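Engineer:
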Amino acid sequence: MTPDTTPLDERHCLSLLAGAPVGRVVYTVGALPAVLPTRYRLDDDGSVVLQATAGSEFLRAVAGALVAFQADEISTADGSGWSVTILGTAETTGEGAATRAPAAPPADQVTIRIHPEWVTGRLLPAADLAPHG
């Protein structure tokens, strides 16, 4: 059973994303869903910025495509937490477009930006995690 959740506004969603170390890019390969966990950062305009290897299957699949990006934090103690999802087009960019990049990516890496066209999030309340049986 899924507990009631509390919707979050866009500003709160982006604030939560800014503090999460890992998220998941959801995309398609040959019309089948694929999910890739990745490190990322949230740029000042709310865009998700990540790196991909030049010429990779992942880069070919997401460049110019509508993708989802999801991150969450769930407590193992009580099951409470949050989940945020962004939908947007993944675009490859030049390094100058990434405003908070500490340094240029390695030569074999390409910067990908997902500009948030749709942002949604939910707070999850604590749940009874005791085993039943």
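The working numbering puts the first residue of the sequence shown at 4, with every later residue one more than the last.
We put the beta carbon where it would ideally sit given N, CA and C, even for glycine.
Being a predicted model, the structure only gives us computed values, none of them experimental.
#1: Helix, strand or coil: which one does DSSP assign to V18?
#2: Can you tell me whether E94 is helix, strand or coil according to DSSP?
#3: Who are P10's beta bridge partners in DSSP?
#4: Would you tell me roughly how many angstroms separate the C-alpha atoms of V52 and D46, rounded to the nearest one?
#5: Quick one: is V38 buried, meaning 16 or more other Cβ sit within 10 Å of its Cβ, or exposed?
#6: Output needed for Q73: all residues of its chain with C-beta closer than 8 Å, excluding positions within five of it in sequence on either side, in chain order.
#7: From what residue to what residue does the alpha helix (DSSP H) around E60 run?
#8: If you follow the beta strand (DSSP E) that A68 is part of, which residue opens it and which one closes it?
#9: Taking C-beta to C-beta, are S59 and R116 nearer than 8 Å?
#10: Looking at the secondary structure, which residues open and close the beta strand (DSSP E) in which A37 lies?
#11: If the criterion is Cβ atoms closer than 8 Å, does the pair L20 and G84 meet it?
#12: What did DSSP end up calling E76 once you bin it into helix, strand or coil?
#13: Beta-carbon separation of L17 and V113 under 8 Å?
Structural biologist: In short:
#1: Working through the sequence shown from its first residue, we reach residue 18 at position 15. A quick correction: the sequence has Ser, not Val, at residue 18. Reduced to three states, the DSSP call for S18 is helix.
#2: Within the sequence shown, the letter at position 91 stands for residue 94. In this structure, E94 counts as strand in the three-state DSSP scheme.
#3: Counted from its first residue, the sequence shown places residue 10 at position 7. Answer is R125, bridged to P10.
#4: Within the sequence shown, numbered from 1, the residue matching residue 52 stands at position 49. Within the sequence shown, numbered from 1, the residue matching residue 46 stands at position 43. Computed Cα separation, rounded: 7 Å.
#5: Numbered from 1 along the sequence shown, position 35 holds the residue referred to as residue 38. Label assigned to V38: exposed.
#6: Indexing the sequence shown from 1 puts residue 73 at position 70. So the list reads G26, R27, V29, S86, V87, T88, I89, once near-sequence residues are dropped.
#7: Your numbering for residue 60 matches position 57 in the sequence shown. Unbroken alpha helix (DSSP H) run through E60: 60–65.
#8: In the sequence shown, counting from the first residue as 1, residue 68 sits at position 65. Neither: A68 is in no beta strand (DSSP E) and is coded neither H nor E.
#9: Your numbering for residue 59 matches position 56 in the sequence shown. Your numbering for residue 116 matches position 113 in the sequence shown. Contact flag unset, no.
#10: Translated into the one-based positions of the sequence shown, residue 37 becomes position 34. Where A37 is concerned, the enclosing beta strand (DSSP E) stretches over 35–42.
#11: As a first step, residue 20 must be located in the sequence shown, where it is residue number 17. As a first step, residue 84 must be located in the sequence shown, where it is residue number 81. Not in contact: L20 and G84 (Cβ atoms no closer than 8 Å).
#12: Sequence index remark: in the sequence shown, residue 76 carries index 73 (1-based). Three-state DSSP puts E76 in a strand.
#13: Here residue 17 refers to the residue found at position 14 of the sequence shown. Here residue 113 refers to the residue found at position 110 of the sequence shown. No. Outside cutoff.
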